[in-house]
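J.: According to my numbering, numbering within the sequence shown proceeds without interruption in unit steps and concludes at 279.
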Amino acid sequence: MLGINIVRTGNDGNCYIITTDKPHFENHPNSIMVDCGGDKLPKNDYSDIGCICITHSHKDHVSALGKLLYGLAYKPIVIVSEGEYNAPITQRVLGIRSGKQPNVLFLEFEDDISKPILVGNFVVTACKAHHDSECPVHYFITDGANSVFVGCDTAYVDESTIHIMNQADAVLIEANHSKILVDESSDLSKAHMNEYGHLSNQQLNDVLPHLTHPKIICLTHINEMFNSYQNIKQEVGDDRRIRICLNENCPITTKIE
Ligand SMILES: [Zn+2]
Ligand SMILES: [Zn+2]
C-alpha cells in the first residue's frame, strides 16, 4: 500500500509525500517527497523522507526546501533536472551559493523520459512537462507494488505523458483554472495565467477518458481565484475516482491498496 499525503497544494505552495508500508529495505526511509514550496512547511515529523523530487524551480514548489533539507539530522537525496538545478532560486534553496553540498541526483533523459532512479524503497522516473521553466518534469514513483504519478504545472498533457499516467494506480494532476472563468475575467492576472501555462478543467476533461487504469485521481494546484470546488464539480465530468484537493483541506491523505 502507498499513502499519499498532500501537505499543501495551490498557488501558494506545493508539497506531496508518498509513503510505502511495504519497504524492501528496512534501513531506508519509507517516504519520498515531491516539491517543497510555500512559506513554511507545517510542523510535522519529516525524518522519514529519504528523497525530495523537484518538478521545477518556481517559488511555490521549492521555497521551503532549504529549511527542510538542512533542518534534518541527515541529508536526503534531491532529484532534479539539470535545467531546474541551475535556476537561481534552486541554487539558493539548496545552499550552493553558501558553500553547502546537497546530495543531488540528476535526471538523465532519453528523449522525454528519464532513466529510472532507484532511491531507497522507491523507483523514480520523470517525464517532461510543458511549463515556463528550464526543464519541468512530472514524476512516476513506485515502491514495486503500487505507483503514483505526481504531475507538475503544465500547459497541456502530451500523448506520451498520458500513456505514463495511465500506468499509475493514482494520479495527482492540476486542475488549475476554469477556462470559462478566465475568459470572463478582466483581471490582469489573467494574462499572467495564460503566459505561465497551467491545465484547465476543460483540458482535464480531454485527458480523463484516457485514464482507464488509475483508481484515484487527485486534482491539485487549484487556483482559487479562477477555480473552485463548485466549478470543478460542474465542469469536470462526474468521475467517482476524483478527489478535489483544496489547500484549505490540507493535509489530505489518501491510500492506494
Ligand atoms: Zn510553476
Ligand atoms: Zn506551481
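For every residue, glycine included, the Cβ atom is placed at its ideal position computed from N, Cα and C.
Measure the C-alpha to C-alpha separation of C272 and G105 and round it to an integer number of angstroms.
T.: Position 250 of the sequence shown, counting from 1, holds the residue named residue 272. Position 83 of the sequence shown, counting from 1, holds the residue named residue 105. If you take the alpha carbons of C272 and G105, they lie about 30 Å apart.
J.: Anyone know if the C-beta pair for I135 and V146 falls short of 7 Å?
T.: The sequence position of residue 135 within the sequence shown is 113, counting from 1. The sequence position of residue 146 within the sequence shown is 124, counting from 1. No, they are not a contact pair.
J.: With Y38 and M55 assumed to form a contact (beta carbons below 8 Å), what rounded beta-carbon distance in angstroms separates them?
T.: One-based indexing of the sequence shown puts residue 38 at position 16. One-based indexing of the sequence shown puts residue 55 at position 33. 7 Å between Cβ atoms; contact.
J.: Quick check on DSSP: helix, strand or coil for M55?
T.: As a position in the sequence shown, residue 55 is number 33, starting the count at 1. Reduced to three states, the DSSP call for M55 is strand.
J.: Entirely within the region 188-249 and at least 3 residues each: give me those beta strand (DSSP E) ranges in chain order.
T.: 192-196 and 238-242
J.: Considering Cα atoms alone, identify which of N33, V204 and A192 is closest to T275.
T.: As a first step, residue 275 is located in the sequence shown; it is residue number 253 there, counting from the start. Checking every option, the nearest Cα to that of T275 belongs to A192.
J.: Around the C-beta of T183, are 16 or more other C-beta atoms found within 10 angstroms, so that it is buried, or is it exposed?
T.: Along the sequence shown, read from residue 1 onward, the residue named residue 183 stands at position 161. By the neighbour-count rule (16 or more Cβ atoms within 10 Å), T183 is buried.
J.: Is the CB-CB distance between C174 and A151 below 7 Å?
T.: Numbered from 1 along the sequence shown, position 152 holds the residue referred to as residue 174. Numbered from 1 along the sequence shown, position 129 holds the residue referred to as residue 151. The answer is yes: Cβ separation under 7 Å.
J.: Assign H80 to one of three DSSP states: helix, strand, or coil.
T.: Looking up residue 80 in the sequence shown gives position 58. Coil, per DSSP.
J.: Give the secondary structure of N143 by DSSP, where H, G and I count as helix, E and B as strand, and everything else as coil.
T.: In the sequence shown, the residue the question calls residue 143 occupies position 121. The answer is coil: DSSP assigns N143 none of H, G, I, E or B.
J.: Please identify the residue among Y68, A86, I26 and L129 whose C-alpha is closest to the C-alpha of L94.
T.: Here the question's residue 94 lines up with position 72 in the sequence shown. With distances taken between Cα atoms, L94 lies closest to Y68.
J.: What does a CB cutoff of less than 7 Å around C58 pick up in its chain, not counting 5 residues either side in sequence?
T.: In the sequence shown, the residue the question calls residue 58 occupies position 36. If we look at C58 and ignore the five residues flanking it on each side, its Cβ neighbours are C37, I74, V84, A86, L87 and L90.
J.: What do you get for P110, buried or exposed, if any count of 16 or more other CB atoms within 10 angstroms of its CB means buried?
T.: Position 88 of the sequence shown, counted from the start, is the residue given in the question as residue 110. By the 10 Å Cβ count, P110 comes out exposed.
J.: Is H80 near ligand 1, in the sense that its beta carbon is under 6 Å from a heavy atom of that ligand?
T.: In the sequence shown, residue 80 corresponds to position 58, counting from 1. H80: yes, Cβ under 6 Å from ligand 1.
J.: Return the first residue and the last residue of the alpha helix (DSSP H) that T112 is part of.
T.: Here residue 112 corresponds to residue number 90 of the sequence shown, with the count starting at 1. Residues P110 to V115.
J.: Could you tell me if Y107 is buried or exposed, where buried requires 16 or more neighbouring beta carbons within 10 angstroms of its beta carbon?
T.: The residue given as residue 107 occupies position 85 in the sequence shown. Y107 is buried by the Cβ-count criterion.
J.: With a Cβ-Cβ cutoff of 7 Å, do H199 and S222 count as a contact?
T.: For the purposes of this step, residue 199 is identified with residue 177 of the sequence shown, where counting begins at 1. For the purposes of this step, residue 222 is identified with residue 200 of the sequence shown, where counting begins at 1. Yes; because the gap between Cβ atoms is below 7 Å, this pair is in contact.
J.: Compare the beta carbon distance of I238 and R263 with 7 Å and say whether it is the shorter of the two.
T.: Within the sequence shown, residue 238 is the residue found at index 216, counting from 1. Within the sequence shown, residue 263 is the residue found at index 241, counting from 1. Closer than 7 Å, so yes.
J.: Step through the CB atoms of chain B and report whether any lies within less than 7 Å of the CB of A197.
T.: This model lacks chain B altogether, as it is built from one protein chain only.
J.: Do you know how far the Cα of N269 is from the Cα of D180?
T.: The count along the sequence shown starts at 1 and reaches residue 180 at position 158. The count along the sequence shown starts at 1 and reaches residue 269 at position 247. C-alpha separation (whole angstroms): 27 Å.
J.: Using C-beta distances below 8 Å, list every residue in its chain close to P124, excluding the 5 sequence neighbours before and after it, in chain order.
T.: Here the question's residue 124 lines up with position 102 in the sequence shown. Non-local C-beta neighbours of P124 in its own chain, meaning closer than 8 Å and more than five positions away in sequence, comprise L91, K97, V100, L116, G117 and I118, ordered along the chain.
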